[in-house]
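Residue numbering for the sequence shown follows the working numbering, starting at 10 and increasing by one per position. Glycine is no exception: its CB is placed at the ideal position from the N, C-alpha and C atoms.
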Amino acid sequence: RRAGGDRVIWRQGILEGFAPELQFALIYMTGHAFQKLGSDAEILAHFKAVRRLLTPEGRFVFDTRNPARRAWLNWAPERSERQLELPSGGRVRVWHNVLDASAGFVSFEEYYAFGGQGAGPEERLVSHSRLRFATLDEITALAEAAGLAVENAYGDWDCREVSDDAPELIVSLRPALL
């Protein structure tokens, strides 16, 4: 355990589920979950809920894939397939198939193939996803409309500058000064 760690109170949940009187010094969203907010209205509502819950010095930090990098171009089955080892000792093959990439959104399928090759018949599962690839300009405008300001934006978790080649947008928002 880290010294002073006992002073941190961790809360996990959905923003709308927190009582309005609660205030947070840090709210974070990881795993590219931000990309599931599909419309400007959803992002704006999310940012307003964050603003309501942040202390005056608080921060909201999240990651999203950088649309300039166009990562989905590598999500074709022949470029995305990989094999993963399961804790049980089995293997699963995983790959993607892009269905549509337009207007800042990417719709795709993710396939999971279990078994096969002597381990019985192959079983396939597929998930369908639609992700938004918001630009930093779009994020900034929506944040400002919700009373937030961009404090920092990085191109990856190593704090590199945002560029077309950077894989991520790591964004830190704070309450805007009135």
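With DSSP run on the structure shown, which of helix, strand or coil describes residue i?
i, result
"GLU170", "coil"
"ARG16", "helix"
"ALA175", "coil"
"LEU145", "helix"
"ALA155", "coil"
Give the DSSP bridge partners of residue i, in chain order.
i, result
"ASN161", "SER181"
"LEU140", "VAL115"
Rounded to the nearest angstrom, what separates residue i and residue j at their Cα positions?
i, j, result
"GLU170", "ALA77", "13 Å"
"ARG133", "SER111", "28 Å"
"VAL180", "LEU24", "18 Å"
"GLY129", "GLU118", "24 Å"
"HIS105", "GLY13", "43 Å"
"SER97", "GLY124", "12 Å"
Kindly list the residues whose CB is nearer than 7 Å to the CB of residue i, restricted to its own chain and excluding five residues on each side of it in sequence; keep chain order.
i, result
"SER172", "GLY164"
"LEU46", "ILE52, HIS55 and ARG141"
"ALA154", "LEU53"
"LEU95", "VAL101"
"ARG61", "PRO29"
"LEU108", "SER116, PHE117 and GLU118"
Near residue i, which residues of its chain fall below 6 Å by C-beta distance, leaving aside the five closest residues on each side in sequence?
i, result
"MET38", "PHE71"
"VAL115", "TRP81 and LEU140"
Ordered along the chain, which non-local residues of its own chain (more than five positions away) have a Cβ less than 8 Å from that of residue i?
i, result
"PRO65", "PRO184"
"ARG68", "ALA34, LEU35, ILE36, GLU160, SER181, LEU182 and ARG183"
ask   = What beta strand (DSSP E) runs, 3 residues minimum, are completely inside the segment 52-134?
value = 63-74, 91-94, 100-111 and 114-123
task = Quick one: which unbroken beta strand (DSSP E) runs of 3-plus residues sit fully inside the segment 24-51? Chain order, please.
result = 33-38
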